[in-house]
Amino acid sequence: MTVSLEQLRRCHVAVDLGAARTRVYVKGAGLVVDEPSAAAVNTRTGALIAVGTFAERMTGRTPDYIRVVRPVSGGTVVDIEMAQRMLRHLLGEKLRRALRRKPRLRAAACTPHDADPLAQRAAVETMVGLGARRVELVDTLIAAAVGCGLPVEQPTATMIMVCGAAATQVAVLSLGSIVTAQRIPVGGEAIDHAVVQHLRHAHELMLPSQAVRPLQLALHGNGLTPDGPASTLIHGRDVATGLARSVHVDTAAVRDAIHTPLTAVLDGIGKVLRDCPPDLVADLTDRGIMMVGGSALLPGLDQMLRDATGMPVAIAERPDVCAVLGLGAMLEGKVAPMVLNPLAG
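What the sequence shown shows, in full-length UniProt numbering, is residues 1 to 345, in sequence order.
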């Protein structure tokens, strides 16, 4: 691993700053924060009005002087000050006071695989603003693999696919390190956009931004598969008149609209497999792909991968929190490094 497990065991708090949700794990207390990465700000006074779930519910429903911002984009902090304010309010006064009692507060944070030095610096500065004296950065791919129980430290290939809101990361891991990886700029937000555009063009219906994901999850399982219902009722706003309208949407057409942006994900998986040593690819034919991340639950995505790759595809038990739970396992010392026994001379 890029960071030694010994250094991570000394950390007190782990943070996964995602484009969609922010999660905080405190050593000894477990997962204490799991909220949307959103903050509502009064543009006249600069005051913070709401964070997390309440701020996300305000999206598209605020007057002109209130703006809902997202300080994290694609796993990278784009507004350090706002990210610090959001984290402070999400943690709450009681938990912040407990963390301040630590003589030398150490923090761990997830970063995307190909994060540049500026993105890494932004993550460090965000943690320093919370009082951390030292910050350890861990690759999201490794943290997620540990969190879903993959044998990361063993000399066998494990393939993981982190389906985020803004991007999808695919990697092959072996001996605790990344052998080859690819980051595809297609995530849950691109899928949402494809559904919205399909409904607008095919049915002249505008769907509320907060209704896309519940619609997809409602269709999960048998909905967007050939065995599912032929149509489903969707409520929205008519593009021409602006009035509320309900239409019956063909689920096959929605399925095709969702699959269109996912072709880039399939291309990324193919590139990872082409760059991977043949011995490790042979391991993957049995082990398959493990899907984690909040967008792993998108309907039909796992079956599409099975059909395209011919490999088994599994979804983690708690795909949305795998990365922060993996960081937490490292903090608690639950991950044992593989001990190499050199031959005696």
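Even for Gly, the Cβ is constructed at its ideal location relative to N, Cα and C.
These numbers were taken from a predicted model, which means no experiment stands behind them.
Residues near residue i by beta carbon distance below 6 Å, same chain, minus five either side
{"i": "D79", "result": "P71"}
{"i": "H89", "result": "V51"}
{"i": "R67", "result": "V41, T43"}
{"i": "G129", "result": "Q84"}
{"i": "G268", "result": "V170, Q182, I184"}
{"i": "A143", "result": "C110, A323, G326, L327"}
Among the options, the one whose alpha carbon lies nearest that of residue i
{"i": "R85", "options": "D320, R237, G52", "result": "G52"}
{"i": "D114", "options": "I142, E6, Q182, A50", "result": "Q182"}
{"i": "A264", "options": "V249, A308, V254", "result": "A308"}
{"i": "D139", "options": "G129, A171, T126, S73", "result": "A171"}
{"i": "A316", "options": "E136, L150, A190", "result": "L150"}
{"i": "H259", "options": "G75, L301, R96, G333", "result": "L301"}
{"i": "A29", "options": "A39, L95, T156", "result": "L95"}
{"i": "D194", "options": "L175, A257, A166", "result": "The sequence shown places Ala at residue 194, not Asp. Cα-wise, what sits closest to A194 is A257."}
{"i": "H12", "options": "G46, A98, V313, D279", "result": "A98"}
{"i": "T59", "options": "G75, P103, S37", "result": "S37"}
{"i": "A119", "options": "V77, D64, L105", "result": "V77"}
{"i": "R255", "options": "T232, T126, G242", "result": "T232"}
{"i": "G74", "options": "D116, T45, D64", "result": "D116"}
{"i": "G270", "options": "R306, A122, F54", "result": "R306"}
Contacts around residue i, its chain only, beta-carbon distance under 8 Å, and the 5 residues preceding and following it disregarded
{"i": "P319", "result": "C148, C163, M291, V292, G293, G294, A296, L297"}
{"i": "A344", "result": "With a pLDDT of 44 at A344, under the threshold of 50, the modelled position of that residue is not reliable, and the figure given next carries that caveat. The answer is none, since no qualifying residue turns up."}
{"i": "L262", "result": "V186, I191, L301, M304"}
{"i": "L205", "result": "L199, I234, G236, R237, D238, V239, R245, V247"}
{"i": "T62", "result": "A40, V68"}
{"i": "L141", "result": "H113, I160, V162, Q169, A171, L173, I178, A181"}
Per DSSP, the bridge partner or partners of residue i
{"i": "S295", "result": "Partner(s): none; S295 has no beta bridge."}
{"i": "M290", "result": "I160, A314"}
{"i": "A111", "result": "What sits at residue 111 in the sequence shown is Thr, not Ala. Paired residue(s): D139."}
{"i": "H248", "result": "L233"}
{"i": "Y25", "result": "A14, L31"}
{"i": "P36", "result": "R21"}
{"i": "L173", "result": "T158, I178"}
{"i": "R134", "result": "R106"}
{"i": "L205", "result": "D238"}
{"i": "I184", "result": "T168"}
Residue i classed as buried or exposed, judged by whether at least 16 other C-beta atoms fall within 10 angstroms
{"i": "E56", "result": "buried"}
{"i": "E6", "result": "exposed"}
{"i": "D192", "result": "buried"}
{"i": "M1", "result": "Caution is warranted here: a pLDDT of 44 is assigned to M1, below 50, making its placement in the model unreliable, and no coordinate value can be reported."}
{"i": "L327", "result": "buried"}
{"i": "E93", "result": "exposed"}
{"i": "S177", "result": "exposed"}
{"i": "P112", "result": "buried"}
{"i": "L101", "result": "Reading the sequence as shown, one finds Arg at residue 101 and not Leu. Exposed, because fewer than 16 other Cβ atoms sit within 10 Å of the Cβ of R101."}
{"i": "G18", "result": "buried"}
{"i": "T168", "result": "buried"}
{"i": "T251", "result": "buried"}
{"i": "H230", "result": "Checking the sequence, you will find Ala at residue 230 rather than His. So A230 ends up on the exposed side."}
{"i": "G46", "result": "exposed"}
{"i": "L87", "result": "buried"}
{"i": "L137", "result": "buried"}
Distance, residue j Cα to residue i Cα
{"i": "A240", "j": "T158", "result": "51 Å"}
{"i": "L91", "j": "V32", "result": "8 Å"}
{"i": "D286", "j": "M330", "result": "27 Å"}
{"i": "L207", "j": "H235", "result": "7 Å"}
{"i": "R134", "j": "H203", "result": "53 Å"}
{"i": "G131", "j": "E332", "result": "21 Å"}
{"i": "V26", "j": "A253", "result": "44 Å"}
{"i": "A107", "j": "R10", "result": "9 Å"}
{"i": "V179", "j": "C276", "result": "7 Å"}
{"i": "L273", "j": "L8", "result": "31 Å"}
{"i": "L48", "j": "V152", "result": "41 Å"}
{"i": "V281", "j": "V124", "result": "35 Å"}
{"i": "R104", "j": "A14", "result": "15 Å"}
{"i": "T126", "j": "E81", "result": "7 Å"}
{"i": "V249", "j": "E189", "result": "21 Å"}
{"i": "H201", "j": "P278", "result": "45 Å"}
Contacting residues, own chain, Cβ-Cβ under 7 Å from residue i (five flanking each side not counted)
{"i": "R23", "result": "D16, L31, V33, D34, V321, V324"}
{"i": "Q197", "result": "none"}
{"i": "M311", "result": "L284, T285, G288, I289"}
{"i": "V335", "result": "L5, V146, A329"}
{"i": "A165", "result": "G18, A19, A20, G187, G188, E189, G294, S295"}
Near the ligand NAD: residue i beta-carbon under 7 Å from a heavy atom
{"i": "A20", "result": "Of the ligands one can find in the structure shown there are none, so the ligand NAD has no counterpart to examine."}
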